[in-house]
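Residue numbers (the UniProt record's numbering): 1 to 535. Where a beta carbon is used, it is the ideal one built from N, C-alpha and C, also for glycine.
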Amino acid sequence: MIANFAPVDSWLYFDPTKGPDASPTMARIKIQNVSSIREAWIDLTKPELAKQITDQIYTCRIVTASHYLDIALLSYCLENPKNRKDATPLYFQQHGLCHLSNGCWLYVAGDTVLGMPPDTDYVIAQNVRQAHLARDSALSTSEAVQILCRLLEKNQDILFPVWGFAIAGSLRSALSGVGMTTFPLLGIIGGQNFGKTTIAQRYLLLYDDNLNPDRYWGQFDASSTSAAIITQINDFRDQIVLVDDLAKSGSPTEQRKRQDLLASILRFAANDTGRAKMNEKKQIQRQICQTGIAFTGEFMFQNASDITRSILVPINQQMKGGQPDERTVAATVFYALIQWLLPQLDQKLEKLHQFLANVQVDSNPRLMKNGLLILWALGLFFQFAEEQGVITNKYHQKVIDRAKQALNRILDQQALQCERLTNENPKGNLSWYILYGHSHNLFPVATDQKSVNIKNCGLINNDTLYIRSSILLQYFQKHTPYHLSSDKEMNKQLKREGILGDTREHRSAHSKINGVRCLKLDIKLLQKKAHDYSC
Numbered sequence: 001m002i003a004n005f006a007p008v009d010s011w012l013y014f015d016p017t018k019g020p021d022a023s024p025t026m027a028r029i030k031i032q033n034v035s036s037i038r039e040a041w042i043d044l045t046k047p048e049l050a051k052q053i054t055d056q057i058y059t060c061r062i063v064t065a066s067h068y069l070d071i072a073l074l075s076y077c078l079e080n081p082k083n084r085k086d087a088t089p090l091y092f093q094q095h096g097l098c099h100l101s102n103g104c105w106l107y108v109a110g111d112t113v114l115g116m117p118p119d120t121d122y123v124i125a126q127n128v129r130q131a132h133l134a135r136d137s138a139l140s141t142s143e144a145v146q147i148l149c150r151l152l153e154k155n156q157d158i159l160f161p162v163w164g165f166a167i168a169g170s171l172r173s174a175l176s177g178v179g180m181t182t183f184p185l186l187g188i189i190g191g192q193n194f195g196k197t198t199i200a201q202r203y204l205l206l207y208d209d210n211l212n213p214d215r216y217w218g219q220f221d222a223s224s225t226s227a228a229i230i231t232q233i234n235d236f237r238d239q240i241v242l243v244d245d246l247a248k249s250g251s252p253t254e255q256r257k258r259q260d261l262l263a264s265i266l267r268f269a270a271n272d273t274g275r276a277k278m279n280e281k282k283q284i285q286r287q288i289c290q291t292g293i294a295f296t297g298e299f300m301f302q303n304a305s306d307i308t309r310s311i312l313v314p315i316n317q318q319m320k321g322g323q324p325d326e327r328t329v330a331a332t333v334f335y336a337l338i339q340w341l342l343p344q345l346d347q348k349l350e351k352l353h354q355f356l357a358n359v360q361v362d363s364n365p366r367l368m369k370n371g372l373l374i375l376w377a378l379g380l381f382f383q384f385a386e387e388q389g390v391i392t393n394k395y396h397q398k399v400i401d402r403a404k405q406a407l408n409r410i411l412d413q414q415a416l417q418c419e420r421l422t423n424e425n426p427k428g429n430l431s432w433y434i435l436y437g438h439s440h441n442l443f444p445v446a447t448d449q450k451s452v453n454i455k456n457c458g459l460i461n462n463d464t465l466y467i468r469s470s471i472l473l474q475y476f477q478k479h480t481p482y483h484l485s486s487d488k489e490m491n492k493q494l495k496r497e498g499i500l501g502d503t504r505e506h507r508s509a510h511s512k513i514n515g516v517r518c519l520k521l522d523i524k525l526l527q528k529k530a531h532d533y534s535c
């Protein structure tokens, strides 16, 4: 005897994301054990099938080596399933949107699946069903939508972008191909005790943790490491994750550490390319962000590129008058909104794709597309509200205009901040700026030594730039962010970059042009030493 149990029935479950021809991933198996029939679940993608049974049914025993038993169990499950021929049982291993082979969309919302055809047998992976949408089943959809519309209208500049991001972030996995430059982060920025975290919890964190009822699902403290948060982000597909409380610090080192944490998360989250990581089995594991990431903080980014990857919502005074049940209302609306959206999701995504493809801007295309994404998501909600009979078409058009104005105010401020930082932060080192100034005619240069007035003009001769230090200093002061106070300071910096052999103007004969001493700068050396900070 190999074991004291034997299979009597089995049902196979398939991962709908793997396609119609994929092998089953789970089996529900009935076991004859002692004098009773018991039931167990077997993950067919993992080894030691028999041990999976004994871990679930404590009266089951393996008498000898389980290798042959594993083979027999797998063979039994694959050859004798009791599946109905007209329906395939489904096993959901991840949260969020799921596109079936027949073209239908489903949405796994933690421990429930939205849009599921009736009489379909399915099971949700344990780690996924740990999340529970915090809705109120007794609250009617129309009443919940009506309440939410009133709440949004009270704090439009804050709640319009926040609620729009809650919707867009919950559809993240379907948005990678619609033409977004990057997927934005949402930042809620304000002073201490202004209500930043409360807003995020009520309108973004719509799931409870079934194993920890007092815990918001998806909330992380900013003291966590970027590696830990990025690893966790992978598990929160089509959900919002909150990196909470990026507070100002009296320590410049600690402040920089927090900024670096957020920048690291931002760059991972904004792009669809993902990154590779070695797991504990020494296997390369690809990590791709399909999560909507929000953060609360007291400070703004100090990098223009980071600002363009974000939607930064300022809170300038303490929020008052809110109620804890706002979260329940938002979750109840979300539950109904997703079910309304699923049958028409393909058309809505195509409309967004066309929307973004027609964007024509000379500067800050990321910011423009970020705003359009949020506006599209809000448009879904208000169209849903209109079809529920809660708002009129006239109100729908007016509220979209107000949402557009609110988003434009936020994005205009971000554009100004980007412009200020771009003007303040160097695009490259001095060597880069010398080449840039020459190619853009920002300082005068001649090519004829005989006629050049070297006191007012540089000279290019045999791949060498001869130029008075006073002319070069004036260029740096007028056209670059560098605040160089003297020839001496400029020459020191050029020496550090390896462009000058010493800090003085060269006094050798070949460094004199028409009797005037000049800096002698080798063009090829400048090209070699030039450093573009944007790369």
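For Gly371, the uninterrupted alpha helix (DSSP H) run begins and ends at Pro365 to Glu387, by DSSP. In this structure, His132 sits near Asn210, with a CB-CB distance shorter than 7 angstroms.
The residue among Arg402, Asn491 and Asn370 with its C-alpha nearest the C-alpha of Gly169 is Asn370. In the assembly as shown, Tyr68 is an exposed residue. Its beta-carbon has fewer than 16 other beta-carbons within 10 Å. Considering only Ser451, Phe382, Tyr436 and Phe334, the residue with the shortest C-alpha distance to Leu114 is Phe334. Straight through space, the alpha carbons of Thr231 and Trp11 are spaced by roughly 33 angstroms. If you draw a straight line from the Cα of Gly292 to the Cα of Asp245, it is about 17 angstroms long.
Taking a cut-off of 8 angstroms on C-beta distances, the segment 204-221 does not touch the segment 403-418, as fewer than three cross pairs fall below it. If you check the CB distance, Val145 and Gln388 come in under 7 angstroms. Per DSSP, the unbroken beta strand (DSSP E) holding Tyr91 starts and ends at Leu90 to Phe92.
Secondary structure of Leu411 (DSSP, three-state): helix. Between Val243 and Leu262 the beta-carbon gap is near 7 angstroms, inside 8 angstroms, which marks them as a contact. Contact annotation: the segment 351-359 does not touch the segment 387-406, with fewer than three C-beta pairs closer than 8 angstroms. Restricted to the segment 447-493, the alpha helix (DSSP H) segments that are unbroken, complete and at least 4 residues in length are 469-479, listed in chain order.
According to DSSP, residue pairing for Cys98 in a beta bridge involves Leu106. Going by DSSP, Tyr207 is part of the beta strand (DSSP E) stretching over Tyr207 to Asp209.
The way I'd put it, the segment 17-32 does touch the segment 44-51; three or more beta-carbon pairs between them come closer than 8 angstroms.
Ile37 is bridged by DSSP to Gln32. A direct Cα-to-Cα measurement between Thr332 and Met300 gives close to 33 angstroms.
Residue pairing from DSSP places Gly292 in a beta bridge opposite Ile240. The Cβ atoms of Tyr216 and Gln239 lie no closer than 7 angstroms to each other. Between Arg129 and Asp111, the gap from beta carbon to beta carbon is short of 7 angstroms.
Ranking Asn212, Phe476, Ala50 and Glu254 by CA distance to the CA of Leu442 puts Phe476 first.
Counting C-beta atoms within 10 angstroms of its own C-beta, Arg237 has 16 or more neighbours from the protein chains shown and is therefore classed as buried. In this structure Val516 touches Lys455 by the C-beta definition: roughly 6 angstroms separates them, less than 8 angstroms.
In this structure, the CA atom of Arg258 is about 12 angstroms from the CA atom of Phe295. A distance of 7 angstroms or more separates the beta carbons of Ala174 and Thr120. If you look at Arg202, you'll find it in the alpha helix (DSSP H) that goes Lys196 to Tyr203. Assigned with DSSP and collapsed to three states, Gln130 falls in coil, not helix or strand. Counting other Cβ atoms within 10 Å of its Cβ, Thr480 reaches 16 or more and is therefore classed as buried. Leaving aside the five residues that flank Ile37 on each side, the residues in its chain whose CB is nearer than 6 angstroms to its CB run, in chain order, Lys30. Excluding sequence positions up to five before and after Leu484, its CB lies within less than 8 angstroms of the CB of Leu473, Phe476, Gln477, Met490 and Gln493, all in the same chain and listed in chain order. For Thr112, the enclosing beta strand (DSSP E) has its first and last residue at Thr112 to Leu114.
Residue state for Asp121 is assigned as coil, using DSSP reduced to three classes.
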